[in-house]
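Here's the structure we're looking at; comments come further down.
In my numbering, the protein residues as written are 829 to 957.
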């Protein structure tokens, strides 16, 4: 299993994440995106309106470099941030995957490193690929 059960539970409770991609000139682009955890593959699948026309989709198709973070505040008093950060390889899939998991074109994030914090366990940082 790529993610811990605690990380999966957290990811499944959150509707929005932030995807960072690398543009052709090397600058970074960050976008808020809807996503789903794909339990069959242990990946994060990202969809969106007219995704194939977006810079983020073209950036991923061009070089595959991605980072993805889901975060929130469990409490502001006391201050309790939580997050899962995923660094890895992005795959731009221009057609419906046929899995029913997330229809239409997607960006699939294949984790290589996962860092989590504030999820009820100690900071967890590890390479997974």
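Don't be surprised by glycine CBs; every beta carbon is placed ideally from N, CA and C. All of these numbers come straight from a predicted model, not from anything done at the bench.
- prompt: Unbroken beta strand (DSSP E) runs of length 3 or more, entirely within the region 837-923: which are they?
  reply: Runs found: 845-850, 856-861, 863-866, 871-874, 893-904 and 907-921.
message: If you measure between the beta carbons of residue 936 and residue 873, is that distance less than 7 Å?
response: Here residue 936 refers to the residue found at position 108 when the chain shown is read from its first residue. Here residue 873 refers to the residue found at position 45 when the chain shown is read from its first residue. Taking C-beta atoms as the reference points, residue 936 and residue 873 count as a pair closer than 7 Å.
message: Tell me which residue opens and which closes the beta strand (DSSP E) that residue 941 is part of.
response: Within the chain shown, residue 941 is the residue found at index 113, counting from 1. Here the beta strand (DSSP E) through residue 941 covers 934-945.
- prompt: By a C-beta neighbour count over all protein chains shown, 10 Å radius and 16 as the cutoff for buried, is residue 858 buried or exposed?
  reply: Your numbering for residue 858 matches position 30 in the chain shown. The residue in question, residue 858, is exposed, as its Cβ has fewer than 16 Cβ neighbours within 10 Å.
query: Which residue or residues does DSSP assign as beta-bridge partners of residue 951?
result: For this step, residue 951 is matched to residue 123 along the chain shown. DSSP lists no partner for residue 951.
- prompt: On the three-pair Cβ rule with 8 Å, is the region 872-887 touching the region 843-859?
  reply: The region 872-887 is in contact with the region 843-859.
task: Look at the alpha carbon of residue 863 and the alpha carbon of residue 875, and state the distance between them as a whole number of angstroms.
output: Residue 863 sits at position 35 when you count from the first residue of the chain shown. Residue 875 sits at position 47 when you count from the first residue of the chain shown. Residue 863 and residue 875 have their alpha carbons spaced roughly 6 Å apart.
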